[in-house]
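In my numbering, the protein residues as written are 19 to 482. The beta carbon of each residue, even a glycine, is placed where N, CA and C say it ideally should be. Step one of this worksheet: look at the structure below.
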């Protein structure tokens, strides 16, 4: 009997279980057809991949920007090193020059960054070439966001090779005199596209590269010299020359403005009837209205540096710039002419005296950096600032001076600025443009090599 009751209970339990299974099977088609919550499930499953991709894209963008910066550093470092070798310097001096130029452009030695200088290069088509320099800059970058998904950061690397052809190398065939006319007005204090680097800082680094390329260690039998002419609201000539060019003396001001009369657009030496006026009421040349202007203490305004082959002194002059004031580029042009004119030989120091006008013996160059939106004038008699600048350019070219123009962010739609920028240059090949600090540095380097190429067979260049 117990066995019979146990059998009946077991059969009943099996029946109940079977009924439950049948019931479940009956609802399965409906469950499979139900799509509610499917999107949420898919999003949940794919969220880690989506977030990882987004984080990686942010880091990759950062790596790309760092790659561009490192490339600029390696380019300038290799050009600096090859310039030292070209001038007869040792490999060790070339390595020091490379590191110096790299640090000027933002390189910071650390455990996560390195700079390698190979003379000769160890890879690429110039491997083993003793007249080439290879610079490799590497930096390990941290993971900003992708660290949640990746175990380690990325090492970004840039490589550059600078070269010159030793078989055609030689001393300059004639003198080279270059006047850099540099805008140090208040607008140059603004930021460039490089974080932490102002437009002024970018210009300073670019100008110093011109000095490195143009000025040669050997100044015999021909000289290669550079003059610096910074301009803002006016041009400072410093205490040394202020009395000589104005026939007056000031304890607080050393700036001069445009001349009037017969000497207005000439390179006449200062003297009776041709002295330079000092500071007066500045006018807005565009709208013709007077502006109230405070005198800027002369300690803040760097003075003109006459022609010199002293690289350290020229670079100290450039390093001393401070951005302030308005833009009087026409006065800068006038003083570039003065530092290049042999008529001024008795004004400047012996080392700064220009050579005679003779294109067979001396190549004289003026490089004007500006946005070419020149509005500051001091006298109505000479016309607008742009008119004065154009007249000066024409007269300088007639005297035998080659003019390069570098338009830095020339205002879009300003026809007067564009006409001056293009018309002031000696020809269309000498018109350069820059919208970014990187382009500014590249343009100055190209101008320096173009000018040096007129007197020397040898000019450093980037080969890789």
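- In summary, residue 95 is buried, with 16 or more beta-carbon neighbours lying within 10 Å of its beta-carbon over all protein chains present.
- If you compare the alpha carbons of 240, 405, 460, 319 with that of residue 441, the shortest gap goes to 405.
- In its chain, beyond the 5 residues on either side, 245, 357, 366, 370 have a beta carbon closer than 6 Å to the beta carbon of residue 324.
- For residue 201, no alpha helix (DSSP H) run applies; the uninterrupted beta strand (DSSP E) run containing it begins and ends at 193 to 201, by DSSP.
- For the 8 Å CB-CB criterion, residue 97 and residue 180 form a contact.
- Cβ contact annotation for residue 415 (same chain, cutoff 8 Å, sequence separation greater than five): 421, 444, in chain order.
- Taking the CA atoms as reference points, residue 321 sits about 41 Å from residue 138.
- Fewer than three beta-carbon pairs drawn from the region 194 to 203 and the region 431 to 438 are found closer than 8 Å, and the two stretches are therefore not classed as touching.
- Residue 136: member of the beta strand (DSSP E) spanning 131 to 136, first to last residue.
- Here residue 278 is exposed: its Cβ has fewer than 16 other Cβ atoms, across all protein chains shown, within 10 Å.
- DSSP places residue 172 inside the beta strand (DSSP E), whose first and last residues are 172 to 181.
- When secondary structure is reduced to three states using DSSP, residue 360 falls in the helix class.
- As a beta-bridge residue in DSSP terms, residue 296 pairs with 274.
- Under the three-state reduction of DSSP, residue 481 is assigned to coil, being neither helix nor strand.
- One alpha carbon belongs to residue 326, the other to residue 355, and they sit about 15 Å apart.
- The Cβ atoms of residue 348 and residue 384 do not sit closer than 8 Å to each other.
- By the Cβ rule, the region 218 to 238 does not count as touching the region 274 to 290, because fewer than three pairs are nearer than 8 Å.
- Scanning the region 389 to 423 for uninterrupted alpha helix (DSSP H) segments of 4 residues or longer gives 403 to 416, listed from N- to C-terminal end.
- Put simply, the backbone Cα of residue 398 is about 19 Å away from that of residue 253.
- CA-CA distance, residue 462 to residue 328, rounds to 19 Å.
- Around the beta carbon of residue 140, fewer than 16 other beta carbons sit within 10 angstroms, so the residue counts as exposed.
- Straight-line spacing of the CA atoms in residue 267 and residue 364 works out to 19 Å.
- With a cutoff of 8 Å on beta-carbon distance, residue 426 and residue 388 are scored as near each other.
- With fewer than 16 other Cβ atoms from the protein chains shown falling within 10 Å of its own Cβ, residue 379 counts as exposed.
- With a threshold of 16 other beta carbon atoms within 10 Å, residue 395 meets it and is buried.
- Nearest in C-alpha terms to residue 256, of all of 335, 235, 285, is 335.
- In this structure, DSSP gives residue 214 a state outside helix and strand, which the three-state scheme calls coil.
- Close CB contacts of residue 240 within its chain, under the 6 Å cut and outside five residues either way in sequence, are with 190, 192, 193 (chain order).
- Per DSSP, the continuous alpha helix (DSSP H) segment holding residue 261 begins and ends at 256 to 264.
- The residue from 147, 99, 452, 418 with its alpha-carbon nearest to that of residue 231 is 99.
- For residue 459, the uninterrupted alpha helix (DSSP H) run begins and ends at 455 to 470, by DSSP.
- The alpha-carbon of residue 479 is positioned some 48 Å away from that of residue 291.
- With respect to residue 242, residue 229 sits apart: the two C-beta atoms are not nearer than 8 Å.
- For residue 107, the closest alpha carbon among the candidates 236, 206, 147, 216 is that of 236.
- Contact check for residue 285 and residue 178: beta-carbon distance about 41 Å, past the 8 Å limit, so the pair fails to qualify.
- Counting along the chain, residue 156 sits inside the beta strand (DSSP E) bounded by residues 150 to 159.
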